[in-house]
Every structure is written in structure tokens, then in C-alpha cells.
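Q: Dropping the structure in here first, questions after.
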Ligand code: FAD
């Protein structure tokens, strides 16, 4: 067969969010795809009874879901979030809108339900799903993999082109690294997280939300914070982010619910009463760790490639890990489908295009932790935000907040990082030490932006 004429068969490792969507896109393009997933089939085992964990879906992720005709169905099970509802320690809470209006919002979706929907789509598209099959090792020269099932039974399987969507702890990555070092670097954040739950409030016999439903809630406390995202059934998933070790408060200084409840009474007095099962949640839910993962190489010629968290896990503070992974799937499926490109070439091009963007969102996600836990309550930050909002209205061709570039456009993350930096420098120059946006002459601000920066790119 001539080069480029046949489609290689694909062996996908990991049926999480990214793997299931990638499988769907590839199967729809006519690839034979076998997907090996470590867990049992969540559609049989059921997420019912488990905790609801949710995540924020934004335009990049939605755009990818539209390619698979799944966006509408996903949004039917999502709760709209217009902005950040900031709860200071003292004083009234207030909404900081993410976008200019309700066309720029993000969506809270349940991770379990989304994964089930994507696995159903993958199966319907023709992907062969193999659950309870964990990748143990890979022989890239013989093109064979070894998988272990739930009973500890090993099995050797012939593999096609291997794609690892097996997450931050990727087993395929470890196997590739053992064959040819990938230049792995893991930077621990030093902060961990724990999930708690606000159940629906009971009012006039009906379950309803205990807080404003259409917002992402933040309790910023400088060095740490709590956040809460709504679930369709009326509950909220709360996440506490704290230093892992060190002086109080840290997860080390709050080893159990008794210590943690006293800390919450001091620092989150309005939140604690909304979490009736605080003690049980705190003591039974693990502390998650957070790191950024960088690799020099994402692929082994045309034989194996990493995608999603397996290639570039990031900290969660921009709500973009899944969105970025979904954006990866479209880029990869398009490259593989281009006629005349062999797989090695498509993989190299995938890394060339996506790595600068993955690096950029990794950095912006780290910066956003400081913004969320601290800056959102800072007067100078708020003045910059207000000046930015005025400029977004006055010169939309030249100013768009970085958060909006990341969240509501398809412009490359690397562009958002660079443009955001340039815009921020100008806003600082205009404001100086002032914490009052009204002190800035908007005509002068317009002239400065138009002389210093080219018009915004489109996308
Ligand atoms: P995963 O979701 O980790 O899936 C990997 C899959 O591979 C799993 O199903 C696993 O069982 C399977 N697997 C693992 N090992 C093997 C093996 N050896 N063999 C076979 N299968 C295997 N992103 C957002 O966009 N918005 C958010 O709001 C957001 N919030 C987050 C909050 C937190 C606290 C965290 C930790 C992350 C958050 N993220 C968010 C990031 C998001 O969760 C990840 O980017 C996303 O899950 C990556 O998808 P993935 O498919 O690459 O990896």
C-alpha cells in the first residue's frame, strides 16, 4: 500500500476525558481504535453514590466537543457560571464578571457524567473499549504491550500506534521514558487540595442552591483559599487549597477535622455552616497533590505519543487542563487526517504546535493561583480590572483581558500570555500607584494602547 493511503490502527491508553474524546474523533475519521482503560466500566460500576466532582468547561473545550457533535448534550447537564463571587472574610460578597456579558460564561460540569457521555460517544463511533485493563509495559520495537486486568492476570497484546491519554501518572510515558529518555521535569506546587460538599438547602420542601448557583465562588485568604462550583442537583463541590506542609495553616497543621473545623470557624465562618458533613468529608477525603509536568519530548517517532495530562499536566487554577487536552485532541486528529503526512511527521508537528501553548497555559495557571487567592481582594488589582473593562468597551480592537483571551477565544495560549503581559504593562503605566481607575484619562489610554500594540488577532 502506498504511504498515506492506509490508516494505521491506534492503541489508545486511558479512557478518561481526553482519551474518550480523542477515540471518538479518530474513529469517526475511519481509524480502528482500541482503548485500554485501567478502571472498570463506569457505566456499569456507576458513579452513583460516589462524590460529585466538577470542573469548569470553557470555549476551547466546547469547541472540541462541537467537532464531535457533543456540545449541546454536555451543556444540558451543566450549570452556567457568569463570574467569580468573591467572599471576603468581612463584608459583603460581590460578583466579578468573567466576560462582557452572558455570551462569555463558563460551565460547571460533573466529571463522572461527562466521562460516561464521552465513553458512550466513543463506543457509538466504533472504538473498541477494553475496561479493567491497565497498561503495565510496552515493547516499542516488537509493537506489543502488556496489560494487567482486575484479577492481576497479565496479557500481551499486539499494539498499533500507541497514544497515551493516561493522565498525569501516565504508564505509557514511563515506558517511553525507559526506551528513550523524554526529559521529564515535575515541579511540585507545594500546595494540596481537599474536596468538601455543600448539599442542597431545603426550602419550601424543594431542594435549592445554598449559594448563588450561577457563579464560581471564591473565599480568598491571601496564601490559601476555598472555591465552590455548582452541581445541577443543587449541591456545590468545595475545594480547599492550602500549603501541604509548614507553618499554620497547612494540611500538616490541620491533620483532622477537629483542627480544621476550628480553622474554618476563624477563616471561613460563612462557609462552615453550609457543610453539614464537614467532619466526615474532611477526615475521609484525601489531600490531593498539585504539580506542573514538563517534557522535552512528547513522542517516540511515529510509534508512540502522549496527549492531555500525560504530556503536560498543569495546576488547576485557570480551569484549563481538560480544555487544553480537548484542544489537543482536535489538533491531533486534524494532523493525522492530513493526506501525505506519515504518523511520525504528524506527531512531530503536533508537539511543535502544541508545546508552546501547553507551556503558556502552565504558567498562566500558576499565576492565576495568586490572582484567585489574593489579588481578587486587592484594591490596585480591582482598579486595573475596572480600567481594563472601560478599555474593553472603548477599544475592543486593542484590549481584551487575558482571562477572556484564554477562556472565550481560540487564540493560542502563547498569544494570550504574551498579549496579556504587554497589556498589563500599559495598564500599570497608566494607573501608577493609584487604586482608582477614574483618575486615568481614557482618551490618553486609548492613544497609548493604539500606539504601543497592534490590533488584537482574531480567533
Ligand atoms: P485523566 O482525566 O487523568 O484520565 C486518565 C485516564 O487514564 C483515567 O481514566 C485513568 O483511569 C486511565 N489510566 C491511568 N493509568 C492507566 C494505565 N496504566 N492503563 C490504562 N489506563 C490508565 N480542567 C479544566 O479544564 N477545568 C477545571 O475546572 C479543572 N479543574 C480541576 C480541578 C482539580 C482539583 C484537578 C486536579 C484538575 C482539574 N482540571 C480541570 C484538570 C483536568 O482534570 C485534567 O486536565 C483532565 O482530567 C485531563 O484529562 P486526561 O484524560 O488527560 O487525564
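Numbering (my numbering), first residue to last: 61 to 519. Note that CB positions come from ideal geometry on N, CA and C, so glycine has one too.
If you reduce the DSSP assignment to three classes, tell me which class residue 285 lands in.
A: Counting from one through the chain shown, the residue named residue 285 turns up at place 225. DSSP places residue 285 in strand when its eight states are reduced to three.
Q: Check whether the Cβ of residue 140 sits closer than 7 Å to any heavy atom of the ligand FAD, and report yes or no.
A: Your numbering for residue 140 matches position 80 in the chain shown. No, the Cβ of residue 140 stays beyond 7 Å of every heavy atom of the ligand FAD.
Q: Using 8 Å for Cβ pairs, my map puts residue 84 next to residue 185. What's the rounded Cβ distance?
A: Counted from its first residue, the chain shown places residue 84 at position 24. Counted from its first residue, the chain shown places residue 185 at position 125. Indeed, because the Cβ distance is near 5 Å, the residues count as touching under 8 Å.
Q: Assign residue 467 to one of two classes, buried (16 or more other C-beta atoms within 10 Å of its C-beta) or exposed (fewer than that).
A: For the purposes of this step, residue 467 is identified with residue 407 of the chain shown, where counting begins at 1. By the neighbour-count rule (16 or more Cβ atoms within 10 Å), residue 467 is buried.
Q: Rank 426, 489, 504 by C-alpha distance to the C-alpha of residue 477 and give the top, closest one.
A: For the purposes of this step, residue 477 is identified with residue 417 of the chain shown, where counting begins at 1. With distances taken between Cα atoms, residue 477 lies closest to 426.
Q: Is residue 98 helix, strand or coil by DSSP?
A: In the chain shown, the residue the question calls residue 98 occupies position 38. Coil, per DSSP.
Q: Going by the C-beta, is residue 311 closer than 7 Å to any heavy atom of the ligand FAD?
A: The residue labelled residue 311 in the question sits at position 251 within the chain shown. The answer is no for residue 311.
Q: Between the region 426-436 and the region 283-303, do three or more beta carbon pairs fall short of 8 Å?
A: Enough Cβ pairs lie closer than 8 Å, so yes.
Q: What does the Cβ neighbour count give for residue 501, buried or exposed, with the cut at 16 atoms within 10 Å?
A: Along the chain shown, one-based indexing puts residue 501 at 441. That one is exposed.
Q: Any idea which residues DSSP pairs residue 75 with across the strands?
A: Locating residue 75 in the chain shown gives position 15, counting from the first residue. Paired residue(s): none; residue 75 is not in a bridge.
Q: Buried or exposed, going by whether 16 or more other CB atoms sit within 10 Å of the CB of residue 308?
A: Within the chain shown, residue 308 is the residue found at index 248, counting from 1. Exposed.
Q: Just curious, the alpha helix (DSSP H) that residue 91 is in, first and last residue?
A: Along the chain shown, read from residue 1 onward, the residue named residue 91 stands at position 31. Here residue 91 belongs to no alpha helix (DSSP H), and DSSP marks it neither H nor E.
Q: Could you tell me the distance, in whole angstroms, from the CA atom of residue 166 to the CA atom of residue 125?
A: The sequence position of residue 166 within the chain shown is 106, counting from 1. The sequence position of residue 125 within the chain shown is 65, counting from 1. If I take the Cα positions, the gap works out to 14 Å.
Q: Applying the criterion that 16 or more other CB atoms from any shown protein chain within 10 Å of the CB defines a buried residue, is residue 374 buried or exposed?
A: If you number the chain shown from 1, residue 374 lands on position 314. By the neighbour-count rule (16 or more Cβ atoms within 10 Å), residue 374 is buried.
Q: Assuming residue 295 contacts residue 259 (C-beta within less than 8 Å), just tell me the rounded distance between them.
A: Stepping through the chain shown from its first residue, residue 295 is reached at position 235. Stepping through the chain shown from its first residue, residue 259 is reached at position 199. Residue 295 to residue 259, Cβ: 5 Å. Contact.
Q: With DSSP run on the structure shown, which of helix, strand or coil describes residue 186?
A: What you label residue 186 is simply residue 126 of the chain shown in a count that begins at 1. Residue state, collapsed to three classes: coil.
Q: In whole angstroms, what separates the C-alpha of residue 416 from that of residue 408?
A: Here the question's residue 416 lines up with position 356 in the chain shown. Here the question's residue 408 lines up with position 348 in the chain shown. Cα-Cα distance, rounded: 13 Å.
Q: If you compare alpha carbons, which of 192, 292, 123 is closest to residue 275?
A: Taking the first residue of the chain shown as position 1, residue 275 is located at position 215. With distances taken between Cα atoms, residue 275 lies closest to 292.
Q: Unbroken alpha helix (DSSP H) runs of length 4 or more, entirely within the region 262-333: which are they?
A: Listed in chain order, they are 317-327.
Q: Using DSSP bridges, identify the partner residues of residue 353.
A: Within the chain shown, the letter at position 293 stands for residue 353. Partner(s): 246.
Q: In the DSSP assignment, what residue or residues form a beta bridge with residue 251?
A: The residue you call residue 251 lines up with position 191 of the chain shown. Answer by DSSP bridge pairing, in chain order: 303.
Q: So is the beta-carbon of residue 411 under 7 Å away from any non-hydrogen atom of the ligand FAD?
A: Here residue 411 refers to the residue found at position 351 when the chain shown is read from its first residue. Not so, every heavy atom of the ligand FAD lies at least 7 Å from the Cβ.
Q: Excluding five sequence neighbours on each side, which residues of the same chain lie with their C-beta closer than 6 Å to the C-beta of residue 317?
A: Locating residue 317 in the chain shown gives position 257, where the first residue counts as 1. Closer than 6 Å at Cβ, skipping near neighbours: 339, 342, 343.
Q: Measure the Cβ-Cβ separation of residue 196 and residue 206 and say whether it is below 8 Å.
A: What you label residue 196 is simply residue 136 of the chain shown in a count that begins at 1. What you label residue 206 is simply residue 146 of the chain shown in a count that begins at 1. Cβ atoms of residue 196 and residue 206: closer than 8 Å.
Q: Distance check for residue 399 and residue 520, CA to CA, integer angstroms please.
A: Residue 520 falls outside the range modelled here, since the chain spans only 61 to 519, and no answer is possible.
Q: Which residues bound the alpha helix (DSSP H) around residue 460?
A: Counting from 1 along the chain shown, the entry for residue 460 is found at position 400. That residue, residue 460, is in no alpha helix (DSSP H); it is neither H nor E in DSSP.
Q: Quick check on the burial criterion: 16 or more other C-beta atoms within 10 angstroms. Buried or exposed for residue 168?
A: Locating residue 168 in the chain shown gives position 108, counting from the first residue. Classification for residue 168: buried.
Q: Just to check, is the beta-carbon of residue 164 closer than 7 Å to a non-hydrogen atom of the ligand FAD?
A: The sequence position of residue 164 within the chain shown is 104, counting from 1. Answer for residue 164: no, Cβ out of range of the ligand FAD.
Q: For residue 62 and residue 79, what's the separation of their Cα atoms in angstroms?
A: Position 2 of the chain shown, counted from the first residue, corresponds to residue 62. Position 19 of the chain shown, counted from the first residue, corresponds to residue 79. Confidence in residue 62 is poor, its pLDDT being 41 and thus under 50, which makes the residue's placement too unreliable to answer from.
Q: Under a three-way DSSP split, which group does residue 501 fall into?
A: Along the chain shown, read from residue 1 onward, the residue named residue 501 stands at position 441. Reduced to three states, the DSSP call for residue 501 is coil.
Q: Can you tell me which residues form a DSSP beta bridge with residue 224?
A: In the chain shown, the residue the question calls residue 224 occupies position 164. According to DSSP, which records beta bridges pairwise, residue 224 is partnered with 73, 366.
Q: Counting beta carbon pairs with one atom in the region 378-392 and one in the region 114-130, are three or more of them shorter than 8 Å?
A: The answer is yes - the region 378-392 touches the region 114-130, with three or more Cβ pairs under 8 Å.
Q: Out of 143, 452, 357, 323, point me to the one whose CA is closest to residue 412's CA.
A: Translated into positions along the chain shown, residue 412 becomes position 352. Per the Cα distances, 357.
Q: Can you give me the start and stop residues for the beta strand (DSSP E) that residue 385 sits inside?
A: Numbered from its first residue, the chain shown carries residue 385 at position 325. Here residue 385 belongs to no beta strand (DSSP E); instead the alpha helix (DSSP H) covers 381-397.
Q: Just grab the DSSP bridge partners of residue 218 for me.
A: Translated into positions along the chain shown, residue 218 becomes position 158. For residue 218, which the question treats as bridged, DSSP gives the partners 204.
Q: What residue ranges within the region 398-439 form continuous alpha helix (DSSP H) runs of no fewer than 4 residues, ordered along the chain?
A: Runs of the alpha helix (DSSP H) inside the region 398-439: 403-433.
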